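Some notes on the structure that comes next.
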Amino acid sequence: MKHWRDGCPDNAHPLYREKRCTLKATPFEPRILAFLCNWCSYAGADLAGVSRLQYPHNIRVIRVMCSGSVSPHHLLRAFRKGADGVLVAGCHIGDCHYLKGNYMTLKRVRFMEEMLRFAGFDPARLRLEWISAAEGIRFAEVVREFTATVKGLGPMPSFDAVPRAFAMG
Amino acid sequence: MKTTIERLIREGLVDAFWAYRSFRDCHFPWLFTQEDLHHLEPWRQTDVRFPIVKLLLASARENPEKTYGILVRGCEERGIEELFKWNQLKRERVVILGQACSKSLAAKCECRKPFPDRLQYGEAVAPVMESKKLRELEQMTMESLHEWWLAHLNRCIRCFGCRDVCPVCFCIECSLEHTDLIPGTILPPDASFHLLRAIHMGGRCIDCGLCEEICPAHIPLRSLHKKVNGLVRETFGYTPGDGNKSPFTLLGDVSELPSLSRRT
Ligand code: FES
């Protein structure tokens, strides 16, 4: 299987991956995966597009029916597969089309962030936003802001377990 | 212990009782029934622990119409309570007798409640509220934490021992075995394996520490789960295994939600 990020082999050694990154002359361009809920945020992103608002192209969008259907599995898999940041966006609290779906998202993402922090990943790489269908401007703004943050953080550290000697050295 | 269990079984209040029996001085869990009442021994305090709740869950699943009794420690009682809340065991089908843990065990576990509520045997010892190990970890920088964890997780052989021994891992189908979600072909599995398990334990982990005890690679899983428990306590004000409703079994109310802005 090919890595969707610059064709790195899937489980390349972390050193190897780093080398490739540093050897590249081009500045670091983060890859950001966004989970947008069908009823609000996706429509918001649509509005941003229709209104011809400019926002960075670093974002890849996955449309989900409700932000509550994004499980920690998906978030971690995205990071593992080389996403440098993950954005989860849903309807405002109280506006979820499945009534309380985004309650779950909120609890889950908060929890995930703390766990990421504890495992040594920067929790700022995971972002939760409420974006309604009318907030195209806000969507563009969030993407702009988030891309800048992730750019500042640099590439996502590896998830691959490393031998102790290597980790200590 | 001998007389109480014997009475419970004789009077038909329980069909069988999970307690311990010695084999050549080794303590071992045993399901006592009408037939082997003569093997019952008087209670004695030991520091060896077994996944006795898991055994109870297995036998209760096999014979849902039977009533079981069980001798539990503090953590095991919390586990059973959690299983009640998640509808895995029926309250009226379990009879609980409690035993206290020794001071040394409580210190080793850094246990917040080393005795059950229904305490029949032994003396309750003082709880240990703070985990030294966890405090150490929390003071590390992000980079060294990352390295520390990856170096430990590197030893994982994906034996699923931590899951299999866990009293509150009751799912029939486990997402950790799903090769599309967790990389299934590399060994050691990457960090997402244990991170996901930790996240799944949120609101369920009763801090018994069996996962760390059983791990053949000595991965410090308990610190990971202590952190999870601390988070659950902070954000939801909930301690798994207490008498309150679990915020994880229902969607809840707006007032119970954590705030949208991240703590820094
Ligand atoms: S439908 Fe938008 S968050 Fe649930």
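One line per chain: the protein sequences are D and L, in this order.
The opening position of the first sequence corresponds to residue 1 in our numbering, with each subsequent residue numbered one higher.
The opening position of the second sequence corresponds to residue 1001 in our numbering, with each subsequent residue numbered one higher.
Virtual Cβ for every residue (Gly too), placed ideally from N, Cα, C.
Here the structure is a predicted model, which is why all the values come from computation and not from measurement.
Is there at least one non-hydrogen atom of the ligand FES closer than 8 Å to the beta-carbon of residue i?
| i | result |
| --- | --- |
| G44/D | no |
| Y98/D | yes |
| T105/D | yes |
| S41/D | yes |
| M1001/L | no |
| G101/D | yes |
| S67/D | yes |
| G94/D | no |
| C1171/L | no |
| N38/D | yes |
| G136/D | no |
| C1166/L | no |
| G90/D | yes |
Please list the partners that residue i has in chain D, where partner means a Cβ-to-Cβ separation under 8 Å.
| i | result |
| --- | --- |
| M1142/L | R117, G120, F121 and D122 |
| L1145/L | F118, A119 and G120 |
| W1149/L | A119 and G120 |
| G1161/L | Per Cβ cutoff of 8 Å: no residues; G1161/L is ~17 Å from chain D at best. |
| G1202/L | F111 |
Whose Cβ in chain L lies nearer than 7 Å to the Cβ of residue i?
| i | result |
| --- | --- |
| F159/D | D1190, A1191 and S1192 |
| H73/D | S1175, L1181 and L1196 |
| E114/D | L1231 |
Which residues in the same chain as residue i place their Cβ atom closer than 7 Å to its Cβ, once the five residues preceding and following it in sequence are excluded?
| i | result |
| --- | --- |
| D1180/L | none |
| L1150/L | A1191 |
| N58/D | E29, P30, R31, I32 and T147 |
| R80/D | F159 |
| E1081/L | G1241 |
| L76/D | none |
| P157/D | F121 |
| P72/D | R108 and M112 |
Return the chain-ordered list of same chain residues with a C-beta closer than 6 Å to the C-beta of residue i, the five sequence neighbours on each side being excluded.
| i | result |
| --- | --- |
| G7/D | Note that G7/D scores 47 on pLDDT, short of 50, meaning its location in the model is unreliable; the coordinates nonetheless yield the value given after this. Contacts found: none. |
| A167/D | Per-residue confidence for A167/D stands at a pLDDT of 44, beneath the threshold of 50, marking its modelled position as unreliable; the derived number appears in the next sentence. Here the set comprises nothing. |
| N1229/L | C1205 and D1207 |
| R1118/L | I1096 and G1098 |
| E135/D | G44 |
| F118/D | none |
| A83/D | R31 and L33 |
Return the chain-ordered list of same chain residues with a C-beta closer than 8 Å to the C-beta of residue i, the five sequence neighbours on each side being excluded.
| i | result |
| --- | --- |
| V1014/L | L1008, T1067, Y1068, G1069 and V1095 |
| E1092/L | T1067 |
| I93/D | N102, Y103, L106 and W130 |
| P1220/L | K1133, H1152 and E1212 |
| S1175/L | L1181, I1182, L1196 and H1200 |
| V88/D | A34, F35, S67, V70, L75, T105, V109, L126, R127, L128 and E129 |
Name, please, each residue of chain D whose Cβ falls closer than 9 Å to the Cβ of residue i.
| i | result |
| --- | --- |
| K1270/L | Nothing about residue 1270/L can be read from this structure; chain L reaches only from 1001 to 1264. |
Going along chain D, which residues have a C-beta under 7 Å from residue i?
| i | result |
| --- | --- |
| I1219/L | Those within 7 Å of I1219/L in chain D number zero; the least Cβ separation is about 10 Å. |
| I1199/L | P72, F111, M112 and M115 |
Can you list, in chain order, the stretches of the alpha helix (DSSP H) that have 4 or more residues and sit fully within the region 1139–1214 of chain L?
Taking only runs of at least 4 residues, the alpha helix (DSSP H) segments lying wholly in the region 1139–1214 of chain L are 1142–1153, 1161–1165, 1192–1200 and 1210–1214.
Could you tell me which uninterrupted alpha helix (DSSP H) segments, each at least 4 residues in length, are contained entirely in the region 1011–1076 of chain L, listed from first to last along the chain?
Correct list: 1052–1062.
Interfacial residues, the region 59–83 of chain D to chain L, with Cβ spacing under 7 Å:
If the cut-off is 7 Å between Cβ atoms, the region 59–83 of chain D has P72, H73, L76, R77 and R80 near chain L.
Could I get the ranges of all uninterrupted alpha helix (DSSP H) runs contained in the region 29–90 of chain D, with 4 residues as the minimum, in chain order?
If we require 4 residues or more, the alpha helix (DSSP H) runs fully inside the region 29–90 of chain D come out as 41–50 and 72–80.
Between the region 1055–1084 of chain L and chain D, which residues of the former have a C-beta closer than 8 Å to a C-beta of the latter?
Cβ contacts with chain D: none found.
Within the region 1086–1125 of chain L, ranges of the alpha helix (DSSP H) (whole runs, at least 4 residues)
Taken in chain order, the complete alpha helix (DSSP H) segments of 4 residues or longer contained in the region 1086–1125 of chain L are 1103–1109.
Segments of 4+ residues assigned as alpha helix (DSSP H) that fall wholly inside the region 1217–1253 of chain L:
Assignment of alpha helix (DSSP H) within the region 1217–1253 of chain L, counting only whole runs of 4 or more residues, yields 1221–1236 in chain order.
Enumerated in chain order, which unbroken segments of the alpha helix (DSSP H) with a length of 4 residues or greater are wholly contained in the region 127–161 of chain D?
Listed in chain order, they are 136–153.
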